[in-house]
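**Q** Numbering (the numbering used here), first residue to last: 1290 to 1512. Each residue gets a CB set at the ideal place from its N, CA and C atoms; glycine is no exception. Here the structure is a predicted model, which means the values were calculated and not measured. Before I ask anything, let me first share the structure, which is written out below as structure tokens.
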Ligand code: ADP
Ligand code: ADP
């Protein structure tokens, strides 16, 4: 579904992402795990189209999307610097993507309800984001990322802003939700437990490179 082929991104001649390649298939969740500064977010931003690679190709369903603008890629995004629109209700936040991608008007309410239901936020459709807790806002942001029914979902530290207890609960739910929508998902995290419990496969990054591409059980059994 998604293929990243020999991607490179340099800032001031230093490679933030240094020749990385991997694939994610439909229905699979892959974690990008590594310490702060190892290139995880830069990788996601290139896949999303927010940053231009210096070399390499991003392809989706065998189409080279590297030259395409973000909105031309079939990708749902949950990034930290990509907050909910504060002046719009929960419902309008989730409807925004479908409205701007040509989903017929008559189908949008049903679409919005479906994804608010999936994240357990249907009862709060008419609220404004600032009246919600952090965890509730994350749920809505997830519904918004899924509402265009993208083939690919990118999540940058989706649970890091939450307290430990809520993080654990949402982790389990997030895993189930990602399975339900059957997208190719990439979750960026610096938290090993989160990577191991959420993902079908873990890519361990260090200094812009992928050191290991393994199943969670293989990572567990690493000496
Ligand atoms: P991570 O997400 O793993 O914390 P990043 O991808 O954010 O890592 O950053 C990787 C490296 O690239 C870091 O050294 C960071 O300072 C640098 N970097 C990222 N974005 C920029 C940018 N826009 N300009 C300059 N340097 C950047
Ligand atoms: P690109 O040219 O690849 O599209 P930019 O260089 O325009 O990316 O940077 C995009 C974003 O990265 C900006 O919002 C900028 O504030 C942020 N940024 C700048 N320097 C760094 C850094 N050292 N680490 C992480 N992010 C950074």
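#1: Give the DSSP-derived three-state secondary structure of residue 1385 in the structure shown.
#2: Could you work out which residue in 1489, 1477, 1395, 1443 is closest to residue 1359 when comparing CA atoms only?
#3: Give every residue of the same chain whose Cβ lies closer than 7 Å to the Cβ of residue 1437, excluding the five residues on either side of it in the sequence, and list them in chain order.
#4: Does DSSP put residue 1482 in a helix, a strand or coil?
#5: Cβ of residue 1383 within 9 Å of Cβ of residue 1291?
#6: Do residue 1320 and residue 1371 count as a contact pair if the criterion is CB distance below 9 Å?
#7: Taking three-plus beta-carbon pairs below 8 Å as touching, is the segment 1371–1380 in contact with the segment 1401–1410?
#8: Helix, strand or coil for residue 1371? Go by DSSP, reduced to three states.
#9: What do you reckon, is the C-beta of residue 1302 under 8 Å from a heavy atom of ligand 1?
#10: Put residue 1474 into one of helix, strand or coil per three-state DSSP.
#11: Can you check whether the CB of residue 1339 is closer than 9 Å to the CB of residue 1492?
#12: Cutting at 6 Å between CB atoms, please list the residues of its own chain near residue 1333, excluding the five before and the five after it.
#13: Per the DSSP calculation, residue 1501 is bridged to which residue(s)?
#14: Quick one: Cα of residue 1474 to Cα of residue 1301, how far?
#15: Note down, one range per segment and in chain order, each beta strand (DSSP E) of at least 3 residues found wholly within the segment 1307–1334.
#16: Judging by CA-CA distance, which residue of 1497, 1507, 1472 is the nearest neighbour of residue 1484?
#17: Give every residue of the same chain whose Cβ lies closer than 8 Å to the Cβ of residue 1305, excluding the five residues on either side of it in the sequence, and list them in chain order.
#18: Note down, in chain order, each residue of its chain lying with its Cβ closer than 6 Å to the Cβ of residue 1501, except the 5 sequence neighbours on either side.
#19: Around the C-beta of residue 1313, are 16 or more other C-beta atoms found within 10 angstroms, so that it is buried, or is it exposed?
#20: How many angstroms separate the CA atom of residue 1345 from the CA atom of residue 1336?
#21: Give me, in chain order, the residues of the same chain whose beta-carbon lies closer than 6 Å to that of residue 1447; leave out the 5 immediate sequence neighbours on both sides.
**A** Quick answer:
#1: Sequence index remark: in the chain shown, residue 1385 carries index 96 (1-based). Residue 1385 falls in the helix class under three-state DSSP.
#2: Position 70 of the chain shown, counted from the start, is the residue given in the question as residue 1359. The shortest Cα separation from residue 1359 among 1489, 1477, 1395, 1443 belongs to 1443.
#3: Within the chain shown, residue 1437 is the residue found at index 148, counting from 1. Cβ within range, chain order: 1365, 1386, 1387, 1390.
#4: Here the question's residue 1482 lines up with position 193 in the chain shown. Residue 1482: helix per DSSP, three-state reduction.
#5: Position 94 of the chain shown, counting from 1, holds the residue named residue 1383. Position 2 of the chain shown, counting from 1, holds the residue named residue 1291. It is not a contact, given that the beta carbons lie outside the stated cut-off.
#6: The sequence position of residue 1371 within the chain shown is 82, counting from 1. The sequence position of residue 1320 within the chain shown is 31, counting from 1. Result no, Cβ atoms of residue 1371 and residue 1320 do not sit closer than 9 Å.
#7: yes
#8: Taking the chain shown and counting its residues from 1, one reaches residue 1371 at position 82. Coil.
#9: Locating residue 1302 in the chain shown gives position 13, where the first residue counts as 1. No, Cβ of residue 1302 sits at least 8 Å from all heavy atoms of ligand 1.
#10: Within the chain shown, the letter at position 185 stands for residue 1474. In the structure shown, residue 1474 sits in a strand (DSSP, three-state: E or B).
#11: The count along the chain shown starts at 1 and reaches residue 1492 at position 203. The count along the chain shown starts at 1 and reaches residue 1339 at position 50. Contact flag unset, no.
#12: In the chain shown, counting from the first residue as 1, residue 1333 sits at position 44. Contacts found: 1443, 1445, 1477.
#13: By 1-based counting over the chain shown, the position of residue 1501 is 212. Its beta-bridge partners are 1493.
#14: Along the chain shown, read from residue 1 onward, the residue named residue 1474 stands at position 185. Along the chain shown, read from residue 1 onward, the residue named residue 1301 stands at position 12. The alpha-carbon atoms of residue 1474 and residue 1301 are separated by roughly 30 Å.
#15: Whole beta strand (DSSP E) segments, 3+ residues: 1318–1322.
#16: Along the chain shown, one-based indexing puts residue 1484 at 195. Cα-wise, what sits closest to residue 1484 is 1507.
#17: The residue you call residue 1305 lines up with position 16 of the chain shown. Once the five neighbours on either side are set aside, the close Cβ partners of residue 1305 are 1298, 1299, 1328, 1331, 1497.
#18: If you number the chain shown from 1, residue 1501 lands on position 212. Excluding residues within five positions, the ones whose Cβ falls inside 6 Å are 1493.
#19: For the purposes of this step, residue 1313 is taken as residue 24 along the chain shown, with counting starting at 1. Counting Cβ neighbours within 10 Å, residue 1313 comes out buried, since at least 16 surround it.
#20: For the purposes of this step, residue 1345 is taken as residue 56 along the chain shown, with counting starting at 1. For the purposes of this step, residue 1336 is taken as residue 47 along the chain shown, with counting starting at 1. Looking at the two C-alpha atoms, the distance is approximately 11 Å.
#21: For this step, residue 1447 is matched to residue 158 along the chain shown. For residue 1447, where only same-chain residues beyond five positions count, the Cβ hits under 6 Å are 1367.
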